[in-house]
Every structure is written in structure tokens, then in C-alpha cells.
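Engineer:
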Amino acid sequence: MKLSRKWLSEFVDLSVSDKEYSDRMTLTGSKVEGTEDLGAEIQNVVVGKILTIQRHENSDHLFVCSVDVGQTEPLTIVTGAQNVSAGDMVPVALHGSSLPGGIHIKQGKLRGVESNGMLCSLKELGLTVNDFPYAVEDGIFLLQEDCTVGQDIRTVLGLDDHVVEFEITNNRPDCLSVIGLARESAASFHLPLNLHTPEVKGAGGNISDLLDVEILDGDLCTRYTARMVKNVKIQPSPKWMRERLRNSGVRPINNIVDITNYVMLEYGQPMHAFDYSCVSGGKIIVRRAGENASFQTLDGTERNLKPDMLVIADETRPVGVAGVMGGANSEITDQTDMIVFESANFNGVSIRKTAIGLGMRTDASGRFEKGLDPMNTLPAVQRACELVELLGAGDVVDGIIDVIAADIPTYSLPLEPDKINRLLGTDLSADEMKTLLQELDFTFDGEIVHVPSFRSDVRHYSDLAEEVARMYGYNRIPTTLMRGETTLGGRSPAQQARRQIGDLCRGMGFSEIITYSFVSPSCFDKIRMRPDHPLRNAITILNPLGEDTSILRTRVLPSMMEVIARNISYRNASAKLYEFATVYKPQEDSQLANEQVRLSLGAYGDGMDFFSIKGNVEAILKSMRIENVSFLADTNMPSYHPGRCARISAGGMQLGLVGQIHPLIGQNYGISQPVYGAQLSFSALLEQAGPEPQYVPLPRFPSVTRDIAVVCDAGIPVAVLEECIARGSQGLLKDITLFDVYTGTPIPTGKKSVAFSLTLRADDKTLTDGEADADIQSILSLLKSELGAVLR
Amino acid sequence: MRKQLEEIQKSALETIRSANLAADLESLRVKYLGKKGALTAVLKQMGKLSAEERPVIGQLANAVREELTEAIARQSKLLEQAAMEAKLAAEVVDVTIPGTPVTVGHRHPMSLVLEEAEDIFIGMGFQIVEGPEVELADYNFTRLNTPEGHPARDWQDTFYLTEDGSVLLRTQTSPVQVHVMEQQKPPIRIVSPGRVYRKDEVDATHSPMFHQIEGLVVDKGITMADLKGTLEVFVQRLYGAGTKIRFRPHHFPFTEPSCEVDVQCFECQGAGCRVCKGEGWIELLGAGMVHPKVLEGCGIDTDLYSGFAFGIGVERMTMRRFSISDLRLIFENDMRFLSQF
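Encoded structure:
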């Protein structure tokens, strides 16, 4: 909402700077977004009258003008403009003047002729044709304003005004008006609010002889107030009105349209004016559109109306979409002789649905949808008629039609100072509260507060508390810390584990990423998910921003692949990344999602290989004290390299997958180098996490290390060998460390040599060589008998 | 014999002092002090001496032995020192050569800020709770005093998952308030960080997904003054003790009174600059006293209890903290960006 301070000053006598005004208004709840001194950049620009104009002797496109700027002698000014002629009134930037954009004008010579200033175009004054539709875009601004030679151009164009831009919250549609903001301003500065009661003289006749109004759907239209004007003379509005409209961001059109806009801005009540001659049968019916209604709005577009949309109709057809836009069939034209002013109160939700449904949100609909004051229709229509008389735009017909279709309730509630103080933490007396509320036009009967009709947001003592608080000053409310029962703050075990795993991942060189929860449905194909895979059943956003973000992810791999692809395209040589990412799975028995957290790892470059990423996963499992973890080859995961993928489980529970991402997936993401990844279920990790460790006494006797290398079938996994070794020991084996796997000469084809370092120790004595050898022999014989693995 | 001893002493001391190698020293020890050494040889002749001379010469011989032993030890130490110095001199490295690289991962800047904020609230007795992102409209809107027909519920602003509009991606972390109040009796002090979704196209300041930290306190006698105090502590812990904040009236359907909290612009200290768009203040968060209707809807007796709630935009806080000018960087996860934190 743009507020002209000149307009405001009609209601409140304020003498503060823009800064002071903004600060105070912001702190009482009307947030100021910015202020503008419209003429700040224009200096020393005056009205000039072209006395003579002739061609420049040394130029075929320049002209030399003699311009009267109210000084003793006319000025000689050279111009390149083609649209100037003698007698024109034009803006003249004098020697030493400034214009918007930091431009300074000085006298100078143009092709030998002294020029003492510049004739200005709209653009040079920082204006557009929207501000002054009669002016031309490329040429000097030929003034059609009421002005005198030598007058400051800022006064002539209404630029001697300051505009304050407010951000008005949805609950305060009353502040979308000059009067509403004036009321807030008066209360904020504790100054009187000078309201004006419109007075209409009337020119005889009687509206009830001409017009009848009927509200059929009272649930959507509470009140419909109308007055009529005859002998309408369509012409431009006076300068002051056009200035105020322009400074409020509204383009002046003609006197009648301008009056409706002026009243809307001043009172916050949208008005509509339409041609009486187009109202067939002299009757206005406010009703739902009904089936198959279509209708051309003022903007020339044919609209199909839904049955529930409210229309203003005559006996035969709609003449306007209520609260949104008038109809082309009843538009005011130069031939219009009689008009109807409509000032009505419509149901906000209905107006909003209609505006969205028709795809045209107008200034009027934007106000109606917030819920307007039904008591405002009458003063607004009166003000419009008063302005008609003031402007000489026509003769106002006597009488008012005012149909009220539904009860207009009034609201009162007790003032409960104790409750308010308890909520705010203040110690204000009832009288202090009363004074603050009275300044906002709340009235009192003893301890009963009557809420003004325009304050539909105040229904509860907490609402009154806010009014009191904001006028008293939020920043004057004391600052205290909570008292009462102590609460224990902290993180849940899951949150702690998440932090700890994050620390470990970063220690291992992985950086944290954060990716969108939504993905493209095409990502399933990209990660080679089987067509019948249940995880293709994703939750779909019905109104997504685009196809690419239209489903909620059920797997985390696509998000990771996108980030890796992006990093590769940025030529980042390597990356190790992790994310705690949520997946969202539909549930049969609930409308909500099964939201599960996955730990997603991804890496490429910098020597990363299967065993590095597996080592990282092992470190994470170890940090959670998860024991008896098994890694089983899974050759059947379409997302992974068939020979480099392990399914991780522990305690009979699947923990996740680790491996090299299938090169075909890489291709789908435009990646040619190997990418490694792991996805772990965070809930499974938590479930399998081991308890806090208990101290085990350190060994008192030394251990013996024996290295063995065995030759076995190449297909036997190391894990199977290790498991056999563990079982083969007679109890002295404490640790197995693999240190070599070798194929090639002299190992026969189809065989491999696997070397382990075995640590043996007894808890009660120092081992002799003989005792160690006996244990190793036992291990070797089991390896041989069970797996055919023989000592090399 | 005295003369012999004195000669041995003189020549031995000279040769010991000029020995350059540990091996030479050893052979000198053998030469003079060994079983077949010069000193021993002299002592063997002691028998020939008279009873008067014997103790005198014996004393002298011992003194010479001691002196030589000491001289050898001293010289040996000197040689060791010299050897160590030579070794160290040979081991000089160019300390300006960079260390062996260790790759350490980086925390996402948003996590940094989020965890710091969480820690501050934990210190004030808040628990961290989480809530679902796929949410019922009932929790996201209706029970937060935002009835059907309210503009905030428009399909152009909210991502809906069912045709009837009953299930959606939460637009705020505030529904967690309702979940917590349903499950927990006062006193309640929670913060709930998480993802929220609004139908905004991606640009430098907008994202269809972003993060908030919700806060909720419900207890006996909680006042707006407590809300101010709590948030003041939070902001000053986050941005430094001298940070100035102001409370400005605002509107949220589920709090009354409602406010927004501005922090004085770091760039211009309130004078007004480009960063704060001339206002001198930068909007930080929204807050208010929990609307009695919301409390009552969760079965909390408003005659006994009151509460406050607040919501903080994590992206905004992060961008301000690290002078990040474009929100898209946050979700791009470019290593060149991540590795700065």
C-alpha cells in the first residue's frame, strides 16, 4: 500500500520526517517498506513557455527556442525535439539544475549557439506515459496541467509529495486505505484524527424510481449500497486528484473511474460504476452465476463463470463479476449519461475463489478477499457522490439504495486487564489500556469494549492484548527469562548418533550435502530400477513446480548422483560426500508417509575404490559398535556394478549396500569415471548399535604372530577362509589380518594365494613355540579338510 | 717409576684429547688402561718398590688411572655430541614444503548454523524434537487457526498430495507444535528443526524447500516478556553480546500477539545501507504468544497455561552469517562451496 503523505495530512497533522514516521509506524505494526521523496532528484526545473522556435543555422536537426521561464529575459535554449511549437508549456531544466539519475544541466554551446538549459521529456523527469497518458514517450513533455510560467515543476506534477510504502498484513484490510493508515498514524503519534463526513447536496429525482436492487444470495453479499448520477460529463479529473492517484500507484483515466479509485484508496471500499442504460429492467440482482454462464469482462476477455461465482446481474444477464471486475456490456463510455455507483460488501472467501478461478486478481478482489467492513459501504458511496458534485462530473440523484441481506453483528468483549498483563508480562492499569484502545477507535461501556466494525481481527482478549501491546510498544515490555519447573534440554540418542556419525564422516574426508526431497519420476529409470520395483510407487505432488520436482524420493541414490554429476561438470577432480537424507514411502494404512532416514555416501576420484568406501562403511559400523557384520556379494543390484556390490547385514537385519555404482547409471548422469556409493538405513544402524563398552583388562602375557599363506580355489571368499581359521583355532587365536591376495605364476590357474597374519595369545601364560605351532597346525588342517586350502 | 707414570699421563692425555673416533678412544683405553696396557705394566713393577715408596706410587698410579678414565669419558661425550650435531645437520628439511595432505570433510554451512542454534536452546532447557514432513492439512493449517478458505492454503502456495487437499508437504514447522502438545503435558520446551516446502520458483532468495527451527514453550505463567527474554538470549549468543534487536508487531494466525524480530544491521549498525535496504534492521524471525485457540484445540487449559512460539528461517540465518548472496548455492553442493566451511 502506497500512501501519499499529502493525502494523509488531510486527516492527521504530522510534522515528522519520513524516517521518524516510518520508524514509529513500523514499531506500532504498520511496517514501512520504504519511503520516497518524489521530487528529491529534481531541482531547479520550472515551467517554461515557448515564445519562438526556429531552425539552428548550423544543424538540420536542432532548433533554437526562446523560452519564457518567468525571468526578466527569455532564455535561449537549443533542442533536438521535433514536437515543440510556439505557445507550448514545457518543463525547463535551468542552468545548474539536476534531474533523476544524477544528471546535472549546465549552460553550454551547441554548434555555436548558447543554450541556457534543457527542455525535458517525461523520461528525463523520471516519469512514464503511465503517469501522464497524454504525453508522448519520445519528445518533450508538453504540459497540459494548470500551471504558470516559472513555477517549480515538482508542484505542477505533484512531485512535491512523499510516498510511504507499507506492508499490510492480511488481518488488517482496513489499513489498505488512507483513512485506515491515518487512524493508525494518529494513534501512533497520539494526535487527533480529523475524519470528514461526506455531504451530498443532491439534484432532485429519486433513485427508487429508477433502480431496484435485490440480493438473492445473502450468504455471499451482506450489503449492497447504490447511488446514481445523471447528466454525467466524462472528462479528465482535476490535477489534485490525478496527482494523488498517481502517487498512490493508480493511473488516472477519467473523472468517474478516478472517483471510484479515489474512494477505494481513501476508504478502502472498492467501488464500481456502471452505465445505467445497460441495466435492463432497471433492476440489479445479486446472485450466483448458475449453470453455463459466460460473460465478457471490462478487459475484453470472455469468461466462463462457474455456477457458484457471484455476479451482479440485471433481469436478463450479468453486468459484472461481483467484487472482481465489471462487464464490458455496462462499461462507462463517453456517451454515458447516467451511472450507478455500487458500494457493496461481499464474502471474502467467495471473491477469492472466483478471482483465482478466473485467473484475474484485481485491486478490488484483493481487498474483498480479506473481509471488509460492511459499515463502510454507505460512507464510501456518499464520498463518491460528494466528489461527483465537487468535480462537476454530473448531478447526483436523490436517495440511496441500501439493501442489507444478512445481520451485521457487532462485537463486544470485557476488558480484562489482569489477563492481558499476565499474557504480556506487563503491569498496565485498566485506564492506560483504555486510553491506548480508544485512540484506535475502540469504545467503552464501563469495562465492556466495543470493537469497531472495521476490526474484524479483534475477537478475543489476546487480540486486545496485542492492540495494547503494540500501542504501548513491544520494546517497552520487560525482558525476562522463564521461571517455573526446570526442564532438561538435550538431544535424543538418535540425534546424538547422527551428530557422531557426521563427525566421523567428515574425519574420513566426506563433506556434508543437503539435497531436495523431491526428484523427477525419470530418476527411477536413470538408476536402473526394475519396472516392477515397489519403490517406484512414490508419493506424487499434485501441483508441482515442474516434472523434475514432482515426486518425493524413495531412494537417495538419485540425489547423490545429481550432486556428483554437478561436481564433475564443475571440474572438481574428486569429491567425497555424505548426507542424512530422508526417503518418503507411501503407506497403505495411513495418508502420511513412512519417512526414513538414510545415510548416503558417494565418492569419486582421488584413488577411491571399492575397498576405500567399504573401509569407510566399516569405520562407521565400528563407531556404532555394530558387531558380527557380514558383507555378502550381491550380483543382482541393477544400480551397482555386478561384481562390486556388497549387501551389509548384522544381527539378521539388512543395514544397506555398498559398492561401485553401475557404469550405465554413470552414463545416465553423464559421468564416465567410476563412482562409489553406500546407502545405510539409519534406523537399522541405531537398532544394531552396540552398548557402551566395558573395560576388558589388558593382556598380561605377550602374543605370538604367525604369518600363513594358503592356496585355495579362487572362488572362495576371504570371509569364508577367515571364518574357517577362527573355527580351526584351539582357542589361542586373537586376531586375523589379511595382508595379501595373489593370483598368477606360480599359483595354478583357478587358484589364489591368500596370506594372513595370525595373532595368538594365552591369557594365563607366555606361549611356547610348540603351543603356538600346535594351534596353527589345527587351523591349517581345518582349512585343508574343509576348503582344500593348503599351506603354500 | 714416578717419572714413568708422569710420562704415561702426559702422552695419554694428549692422544686422548686428539682422538676423533669412538674406536680410537677405545683402543687408547686398551693401550693405557687395559690388562696389558701401559699403566698396568707400570703397576706390575710395584713389587720392586720399597715399603715407603709403594703407597706413594700406588696413590699416584690410581690418580693417573682416574684422570685418564675421566679424560676418555669426556672425550667420548664430546665425540657423541659432535656426531649428533653432524647427523642433525644432515637431516635438515625445507619446512616450507607443504605437509602431507589430509582430506577432512566439511560441514554444510547450514548444519553449522543449525547445530549452533540447537545448542543455544539446549542450554536453555529445550529438547530437540522432529516431526513429519508429509503432513495433514489439519495439523499444518486448521489446528493452527488457519481454517479452510484461508489464503495461506491456496494451491498456488502449498504442495498438495491429495485431491481433497487433506495431505500436503508442510509449509512450516509449526505443526510440530500441535504434535508435541498432543503428546506431552506442560511444561513444554522444544525446538524442532526441519524441512518445509512452499511453492516458490528457485531464485537467489527463494527455494521450494527450505529449513526452519520451530520453538515452543508452554507452562504456567509464560508471558510475552519471557518470549522477549528467550529470543534476546538466543540472538546475543548467536551474534554476540552487543547485538541489538527489536520486536515489531506482525500477524500470524496461530499466535496472538504476534511479532517479528529484527536484528540491527551488521553492516551499517542501524544507519541504513544496501544490505538492510536502508532500514537499519534485518528481519530475523517470527514469533508470538501461542493463540489460546491453538492451545485449547490441543486440550491445554488456557486458564492455567500460556505459551510462546517462534520460527526461524535457517537459510536466511546461514546466508547472513557467511555472507552468501545466492540461496541456490546452499542446495547445489559444489565442493568449491562446501570446502569453504
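Quick mapping for you: the protein sequence lines, in order, are chains A and B. Final position of the first sequence in this note's numbering is 792; the numbers increase by one with none missing. Final position of the second sequence in this note's numbering is 1341; the numbers increase by one with none missing. Note that beta-carbon positions come from the ideal geometry of N, C-alpha and C, so glycine has one too.
Can you name the residues of chain A whose CB is closer than 8 Å to the CB of phenylalanine 1121(B)?
Structural biologist: The answer, in chain order, is Gly489.
Engineer: Should the segment 638–646 of chain A be called in touch with the segment 660–669 of chain A, which here means at least 3 C-beta pairs below 8 Å?
Structural biologist: Touching, yes.
Engineer: Note down, in chain order, every chain B residue with its Cβ under 7 Å from the Cβ of proline 478(A).
Structural biologist: Ordered by position in chain B, the residues that pass the 7 Å Cβ test against proline 478(A) are Ala1225.
Engineer: Can you check whether the C-beta of histidine 1179(B) is within less than 8 Å of a C-beta belonging to chain A?
Structural biologist: Histidine 1179(B) does not count as touching chain A.
Engineer: Between the alpha carbons of glutamate 1214(B) and leucine 424(A), how many angstroms are there, rounded?
Structural biologist: One C-alpha to the other measures close to 21 Å.
Engineer: Name, please, each residue of chain B whose Cβ falls closer than 7 Å to the Cβ of valine 563(A).
Structural biologist: Here the neighbours are Asn1333.
Engineer: Counting only beta-carbon atoms, is methionine 508(A) nearer than 8 Å to chain B?
Structural biologist: With 8 Å as the cut-off, methionine 508(A) counts as an interface residue toward chain B.
Engineer: I want to know whether the segment 565–578 of chain A touches the segment 526–540 of chain A - three or more CB-CB distances under 8 Å.
Structural biologist: No, the segment 565–578 of chain A does not touch the segment 526–540 of chain A.
Engineer: Between glycine 268(A) and chain B, is any beta-carbon pair separated by less than 8 Å?
Structural biologist: Cβ-Cβ to chain B under 8 Å: no for glycine 268(A).
Engineer: Is the beta carbon of alanine 313(A) less than 8 Å from the beta carbon of arginine 287(A)?
Structural biologist: Yes, the pair counts as a contact, with Cβ atoms nearer than the cut-off.
Engineer: Can you say whether aspartate 606(A) is buried or exposed, counting buried as having 16 or more other CB atoms within 10 angstroms of its CB?
Structural biologist: Exposed.
Engineer: Is the beta carbon of arginine 598(A) closer than 8 Å to that of serine 681(A)?
Structural biologist: Yes, the pair counts as a contact, with Cβ atoms nearer than the cut-off.
Engineer: How should methionine 471(A) be labelled, buried or exposed, when 16 other C-beta atoms within 10 angstroms of its C-beta is the threshold for buried?
Structural biologist: The residue is buried, with at least 16 neighbouring Cβ atoms inside 10 Å.
Engineer: Counting along the chain, where does the alpha helix (DSSP H) carrying proline 558(A) start and finish?
Structural biologist: 557–569 is the span of the alpha helix (DSSP H), which, as asked, contains proline 558(A).
Engineer: Could you tell me the distance, in whole angstroms, from the CA atom of serine 59(A) to the CA atom of asparagine 83(A)?
Structural biologist: Roughly 17 Å between the two C-alpha positions.
Engineer: Less than 8 Å between the C-beta atoms of isoleucine 234(A) and isoleucine 256(A), yes or no?
Structural biologist: Cβ distance < 8 Å, so isoleucine 234(A) and isoleucine 256(A) count as in contact.
Engineer: Shortest alpha-carbon distance to arginine 317(A) belongs to which of Val324(A), Asp299(A), Asn292(A)?
Structural biologist: When only C-alpha atoms are compared, the closest one is Asn292(A).
Engineer: Quick one: list the residues of chain B neighbouring valine 349(A), beta-carbon separation under 8 Å, in chain order.
Structural biologist: Result: Gly1149.
Engineer: I'd like to check one pair, leucine 732(A) with alanine 789(A): are the Cβ atoms closer than 8 Å?
Structural biologist: Their beta carbons are not under 8 Å apart, which means alanine 789(A) does not touch leucine 732(A) by this criterion.
Engineer: Over what stretch of residues does the alpha helix (DSSP H) that includes asparagine 668(A) continue unbroken?
Structural biologist: Note, asparagine 668(A): alpha helix (DSSP H), 663–668.
Engineer: Any Cβ of chain A within less than 8 Å of the Cβ of valine 1167(B)?
Structural biologist: With 8 Å as the cut-off, valine 1167(B) counts as an interface residue toward chain A.
Engineer: Among Pro1253(B), Glu1232(B), Gln1009(B), which one has its Cα closest to the Cα of asparagine 1062(B)?
Structural biologist: The option with the nearest alpha carbon to asparagine 1062(B) is Gln1009(B).
Engineer: Secondary structure at tyrosine 516(A), three-state DSSP: helix, strand or coil?
Structural biologist: In this structure, tyrosine 516(A) counts as coil in the three-state DSSP scheme.
Engineer: For glutamine 1075(B), does the count of other Cβ atoms within 10 angstroms reach 16, so buried, or fall short, so exposed?
Structural biologist: With 16 or more other Cβ atoms within 10 Å, it is buried.
Engineer: Roughly how far, in whole angstroms, is the beta-carbon of arginine 172(A) from the beta-carbon of aspartate 457(A), given that I think they are within contact range, below 8 Å?
Structural biologist: Indeed they touch by this definition, with Cβ atoms about 7 Å apart.
Engineer: Residue range of the beta strand (DSSP E) that leucine 1216(B) falls in?
Structural biologist: Start and end: 1209–1220.
Engineer: Looking at the strands, I want to know which residues DSSP matches up with lysine 31(A).
Structural biologist: Beta-bridge pairing links lysine 31(A) to Glu167(A).
Engineer: When you compare the CB of proline 1175(B) with every CB in chain A, is at least one pair closer than 8 Å?
Structural biologist: By this cut-off, proline 1175(B) is not an interface position.
Engineer: Going by DSSP, what residues sit across from alanine 538(A) in a beta bridge?
Structural biologist: DSSP, once it has assigned bridges, lists no residue as partnering alanine 538(A).
Engineer: Taking glutamate 1133(B) and leucine 1161(B) to be in contact with their CB atoms under 8 Å, please state how far apart those CB atoms are, rounded to whole angstroms.
Structural biologist: No, glutamate 1133(B) and leucine 1161(B) are not in contact; Cβ-Cβ is about 11 Å, not under 8 Å.
Engineer: Bridge partners of alanine 650(A), per DSSP?
Structural biologist: DSSP output for alanine 650(A) lists Val629(A), Met653(A) as bridge partner(s).
Engineer: Terminal residues of the continuous alpha helix (DSSP H) containing isoleucine 1105(B)?
Structural biologist: Sequence check: residue 1105(B) is glycine here, not isoleucine. Unbroken run through glycine 1105(B): none, as it is neither H nor E.
Engineer: Output the distance between the C-alpha atoms of aspartate 68(A) and leucine 51(A), rounded to the nearest integer angstrom.
Structural biologist: So the alpha carbons of these two residues sit roughly 7 Å apart.
Engineer: DSSP three-state label for isoleucine 776(A), please.
Structural biologist: Helix.
Engineer: Check distances from the C-beta atoms of the segment 1291–1320 of chain B to those of chain A and list, in chain order, the residues that come in under 7 Å.
Structural biologist: Cβ contacts with chain A come from His1291, Pro1292, Ser1306.
Engineer: Excluding the 5 residues flanking phenylalanine 1247(B) on each side, which residues of the same chain have their C-beta closer than 7 Å to its C-beta?
Structural biologist: Excluding residues within five positions, the ones whose Cβ falls inside 7 Å are Lys1228, Cys1259, Val1261.
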